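A.B. asks: Quick one: structure below, then a few questions.
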Amino acid sequence: MKAMNKQSAFTLIELMITVAIVAIIAAIAIPSYQHYVRRAELSVAQQEMGKVAALLEKHRTRNFSYDGFVLKGTSENKGPYFDVPNATDTTLLIPLDKTAGDQKFTLSLTVNSQSWAIKSIKKDARNYDLLLRSDGVRCKTKVSTEFLEDGKYDGCGNHSEEW
């Protein structure tokens, strides 16, 4: 007698069910992951703004004024971000190791003798723009039409929230 060779394989229905399950899991997981990444990028921007704010207050404590504070500076007057390649005296690209176009946020600083304001503009439209001022204002908004004007550090507009 000859032994029957029985081949075993997945049926088309089993394969289709598996593909459908993987597609459902991907449809749930990918947006959740993207949201997580945006939150992490926002946190990096907030931390960097906090560092700059602390450096500004330290400068004021030593000099009794915010005048003269720069992010980058020169070789004679080095700022705290002197070694960051894409920094200027009033702007930073966040994350700090990114080049123009690859950044997630652009942090800009305005300083006068008695006050300062830091604005962080998002690159991803689904993330927040941030504002931090020396008088304690901390706000974030996804609606950035008024917020994007150069020199405007009044607030984040009507659709903002604190952070």
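If you want our numbering, it's the 1-based position in the sequence shown plus 48. Glycine included, each C-beta is placed from N, C-alpha and C at the ideal position. Source: prediction; values computed, not measured.
Which two residues bound the contiguous beta strand (DSSP E) that contains Glu124?
C.D. replies: Segment: none, Glu124 is in no beta strand (DSSP E) and carries neither H nor E.
A.B. asks: Once DSSP output is grouped into helix, strand and coil, what is the label at Gln165?
C.D. replies: At residue 165 the sequence reads Ala, which differs from the Gln that was named. Correct three-state label for Ala165: strand.
A.B. asks: Can you determine whether any heavy atom of the ligand MN sits closer than 7 Å to the C-beta of Lys54, and answer yes or no?
C.D. replies: Absence of the ligand MN is noted for the structure shown, with no ligands found whatsoever.
A.B. asks: According to DSSP, is Val159 part of a helix, a strand, or is it coil?
C.D. replies: Of the three classes helix, strand and coil, the one that applies to Val159 here is strand, per DSSP.
A.B. asks: How close, in whole Å, do the beta carbons of Asp177 and Thr189 come, if the pair is a contact with beta carbons under 8 Å?
C.D. replies: Their Cβ separation, rounded to whole angstroms, is 6 Å, which keeps Asp177 and Thr189 in contact under 8 Å.
A.B. asks: Under the three-state reduction of DSSP, which class applies to Thr66: helix, strand or coil?
C.D. replies: Three-state result, Thr66: helix.
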